[in-house]
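Please read the structure below before turning to the comments.
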Amino acid sequence: MPELPEVEVVRRGLEAHVLDRRITAVEVLHPRPVRRHLAGPSDFAATLTGRTFTAARRRGKYLWLPLDNGDALLGHLGMSGQMLVQEPGAADEKHLRVRFSFAGSGPAGEAPGERSDRLELRFVDQRMFGGLSLAPGGAELPAELTHIARDPLDPAFDDAAFPRRVRRSESGIKRILLNQSMISGVGNIYADEALWLAELHGDRPGRMLRPADVERVLTGVRAVMTAALAQGGTSFDALYVNVNGESGYFDRSLEVYGQEGQPCSRCGTPIRRVAFMNRSSYFCPTCQKAPRARRN
DNA sequence: AGGCTGTCCTGCTAGC
DNA sequence: TGCTAGCAGGACAGCC
């Protein structure tokens, strides 16, 4: 389940492999991942063919690849999306959705069959919550992302404004962390991990938190993200694979997420799981006291 | 306007 | 064995 660190790993991989190569073909094998391109899959393919990616950028969990004409390819991995750089002959993945073929980077006169460095970029996505679309004029920042807040690893993230905004909200701090217009890049896993580090229950309303509480949350978010990034991202199964098909292994470091019944490493209390927004929240009931007016 | 819920997807697992 | 229900969850439309 890619969150910011995993997406950043993918961004780095794209930056290393697919820039400055002419796109020779685009094949859309399933229409759903390009559903946001209203002109349809064939137009999507035709528009990108012949273009070149010039950079690989990210905000929160969104990726975009500026093109040599000022537009950009915008992408989101959703829950199960992968970007795989493959040799052209490699067998198709079961959930291959979009294939970009690139020319080799060798001399133009070289016979195509002799180029050893042609490659493909493959968008593979089992559950298809993710997608790709074209962002006209979106090289700097696609219009679709203007409502997405800066992420906590962005040097321009406003550390002073964040606690002020949190303390103006009636929502629980976990809901706030998952709100991409407040802070981007945080998903269910790292929200739970950061709240455990900050020793705060996710149902505590923003307006009831002290500035120091919010600062601890932000510090916790950055700590788990930085640790995950250092290890190449989180992986729970084969769903998340980085740009070269290599799984992460940060899951072994998780303190609460998926750890129901396991002892809290700080106090030994069994970790609890509760339903939250059609998914789950994991927390230590001793270290993370629920607010008095409990809502569950 | 801010807050919140339902919905989209597939595949794996638990339970009968 | 084979079926179904439950679960995983990011983002957005749409409701209050």
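The first sequence begins at 0 in numbering that gives the first Met the number 0 and counts up one residue at a time.
Every residue, glycine too, gets a C-beta built ideally from N, C-alpha and C.
Collapsed DSSP secondary structure at residue i in the structure displayed
i	result
I22	strand
M82	strand
G12	helix
L76	coil
L47	helix
F156	coil
Y61	strand
V27	strand
Y281	strand
P151	coil
T225	helix
L253	coil
P290	coil
T218	helix
E198	coil
N178	coil
L140	coil
R209	coil
E2	coil
A190	helix
V17	coil
R163	helix
Neighbourhood of residue i by C-beta distance below 7 angstroms, restricted to the same chain and skipping five residues each side
i	result
A148	Q179, S180, M181, I182, S183
R20	T51, F101, A102, S104
V255	D191, E192, W195, I270, Y281, F282, C283
F161	I182, V213, L217
A24	T48, S100
I175	V165, S168, M181, G205
R57	V6, E7, R10
Residue(s) in a DSSP beta bridge with residue i
i	result
L95	V123
S132	L73
F52	L66
P262	P269
F101	I22, L118
G171	P204
A274	S279
C-alpha distance - residue i paired with residue j, whole-angstrom precision
i	j	result
M0	L62	15 angstroms
V216	A89	44 angstroms
R31	I172	33 angstroms
Q261	A142	44 angstroms
A353	G12	The requested residue 353 is not part of the displayed model; the chain covers only 0 to 295.
G129	L47	19 angstroms
R209	D42	52 angstroms
N187	L177	7 angstroms
G59	T285	31 angstroms
H200	V165	15 angstroms
V220	Y189	7 angstroms
R265	T225	21 angstroms
H75	A211	33 angstroms
S79	R126	6 angstroms
V33	E92	18 angstroms
S252	L152	20 angstroms
V17	E26	16 angstroms
H29	P40	9 angstroms
M207	V9	37 angstroms
N277	R291	23 angstroms
C263	Q230	23 angstroms
P87	I22	13 angstroms
Cβ-Cβ separation, residue j to residue i (assumed contact under 8 angstroms), whole Å
i	j	result
A155	P4	Not confirmed; about 19 angstroms, so no contact.
E169	Q287	Contact flag wrong, Cβ pair sits at about 20 angstroms.
E7	V185	Actually they do not touch by this definition, with Cβ atoms about 13 angstroms apart.
D116	Q81	Not confirmed; about 22 angstroms, so no contact.
A289	D202	6 angstroms
Sequence-distant residues of the same chain with beta carbon closer than 6 angstroms to residue i, five excluded per side
i	result
A138	P65, G69, A71
R121	L83, Q85, L95, R98
L150	Strictly speaking, residue 150 in this sequence is Asp, with Leu absent from that position. Cβ neighbours of D150 beyond the five flanking positions: L3, G59, S183, G184.
T53	P65, D67
Own chain, CB closer than 8 angstroms to residue i, minus 5 neighbours either side, in chain order
i	result
H36	D42, F43, L131, S132, L133
S279	N187, R272, V273
T268	P262, C283, P284, T285, C286
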